[in-house]
Amino acid sequence: MSDFSVDECANQLCGSGLALNIGPFWCHIKSSLPSVTSHITQLYPDALVSKDREFIDFPIKIARKSGFRGWVKPLAEFTFNGNVPFTPLSLDQSPALTEWGINWCVSAHAHQYLILHAAVVERNGKAVIMPAPSGSGKSTLCTALVARGWRLLSDELTLISIKDSMLQPFVKPMSLKNESIQVIKDFWPDAVFGHLCTDTVKGCVTHVKPPAESVRSTSQMAKAAVVLFPQYKQGAALTLVKKEKAYAYMSLVENAFNYHLLGAHAFHALSRLVKQSDSYDFVYSDLDEAIAQLEWLVR
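The opening residue of the sequence shown carries number 0 in numbering that gives the first Met the number 0; numbering runs sequentially from there.
Next up, the structure:
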């Protein structure tokens with residue numbers, strides 16, 4: 000992507016579109032919105048692109064919604080394969096809509112993988128999966144670990160091979176919201192932040208560019224070693240408590256998008272993963288302390 004100027008990228012997106020490689024997928028993106036052009040050039044500089052790729056996984060378009068209401072209140076609309084899967088958002092929220100739309104495409108269609116709502120990072124050949132609900136501090140901890148040299152596989156979707164339970168990287172910008180944004184700005188001053196989208200359903204949202212090394216390693220699968228259920232609690236002492244495998248398994252099922260759709264394939268893939276991993280409940284309030292604990296865990 001860095002081989003394109005902003006103007007070249009804008010012309011391509013406005014015209015025939017641009018094929019963008021994210022993990023194992025190719026997204027064909029069309030958009031005339033300057034904010035989408037800026038988002039892609041700023042946060043995807045290390046991603047592979049193609050002007051004329053024939054096979055595409057996800058054809059998408061982000062455009063200003065037409066019609067009278069779209070002029071009264073400017074809206075951005077995400078289209079997948081000619082269909083609009085969810086409600087348009089404010090035009091100012093186009094970068095967030097782009098990221099959320101790509102995540103939706105994968106979680107709704109990539110059923111060659113068991114897909115968890117979980118971040119995943121890797122260190123010393125050991126991948127740490129962090130499933131957790133919104134507001135748990137998962138993305139903050141994931142981004143902080145990446146800032147300290149951990150390899151990013153994904154901050155939102157963990158893709159598990161149903162053949163051997165290996166983890167497929169899906170490296171894209173890391174999502175932060177509300178108070179976490181300033182926390183990471185202080186923790187990682189050199190990070191590249193995208194546009195700040197305000198008044199979204201999740202509050203204030205922005206995205207952080209992933210390291211080039213993580214993007215270049217997207218073809219290298221990883222093996223899960225730890226399943227960590229993080230929870231940020233202000234002022235709390237750090238605790239790491241072993242979690243029984245049966246409870247870990249059920250918690251992972253609760254965080255899966257397509258477990259019931261895949262049936263026996265999902266059962267066996269998740270069983271292998273839980274069997275080979277240690278699982279913990281993890282409470283933290285200080286990022287440096289949390290990272291030191293996780294460094295020890297995978298040393």
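Heads up, the beta-carbon is just placed ideally off N, CA and C, and yes, glycines get one too.
Cβ contact annotation for S138 (same chain, cutoff 7 Å, sequence separation greater than five): A118, D154, M173, S174, L175, S179, in chain order. Fully enclosed beta strand (DSSP E) runs of no fewer than 3 residues occupy 57-63, 74-79 of the segment 55-112, in order along the chain.
Collapsing the DSSP output to three states places P33 in a helix. Residue V225 holds the alpha-carbon nearest to the alpha-carbon of S276 among S37, V225, L269, T205. A distance of 8 Å or more separates the beta carbons of S93 and P44. Approximately 11 Å separates the beta-carbon atoms of I59 and I21; this is outside 8 Å, ruling out the contact.
A direct Cα-Cα distance of roughly 10 Å separates S213 from Q219. For S278 and A289, the gap between their C-alpha atoms comes out near 16 Å.
Nearest Cα to L115 within the set M129, E53, F57: M129. In the DSSP annotation of this structure, the continuous segment of the alpha helix (DSSP H) that includes D6 starts and ends at 5-13.
Shortest Cα-Cα distance from L286 to any of L74, C141, F85, D51 involves C141.
For R271, the enclosing alpha helix (DSSP H) has its first and last residue at 263-275.
Contact annotation: the segment 196-211 touches the segment 158-173, with at least three C-beta pairs closer than 8 Å. Distances from the alpha-carbon of L19 to those of L32, F3, E294 put F3 closest. Each residue's CA atom was taken as its position, placing G234 and W99 some 32 Å apart. With respect to the 8 Å criterion, I161 and A268 are classified as neighbours on the basis of their beta carbons.
In the structure shown, Y43 falls within a coil segment according to DSSP collapsed to helix, strand and coil. At the C-beta level, A143 and F228 stay beyond 8 Å of one another. In this structure, V127 places its C-beta atom within 8 Å of the C-beta atom of L293.
R150 is bridged by DSSP to E121. Around the beta carbon of A247, 16 or more other beta carbons lie within 10 angstroms, which makes this residue buried. In this structure L88 is not in contact with R63, their Cβ atoms being roughly 11 Å apart against a cut-off of 8 Å. Taking 4 residues as the minimum length, the alpha helix (DSSP H) runs contained wholly in the segment 124-195 are 137-146, 178-186, in order along the chain. When DSSP states are grouped into helix, strand and coil, Q292 belongs to the helix group. By the neighbour-count criterion, in which 16 or more other beta carbons inside 10 Å mark a residue as buried, V191 falls on the exposed side. With respect to T238, V282 sits close: the two C-beta atoms are nearer than 8 Å. With respect to V120, W149 sits close: the two C-beta atoms are nearer than 8 Å. The Cβ atoms of L113 and N254 do not sit closer than 8 Å to each other. For K244, the uninterrupted alpha helix (DSSP H) run begins and ends at 244-253, by DSSP.
Minimum Cα-Cα distance from Q230 among the listed residues R271, S284, F186 corresponds to S284.
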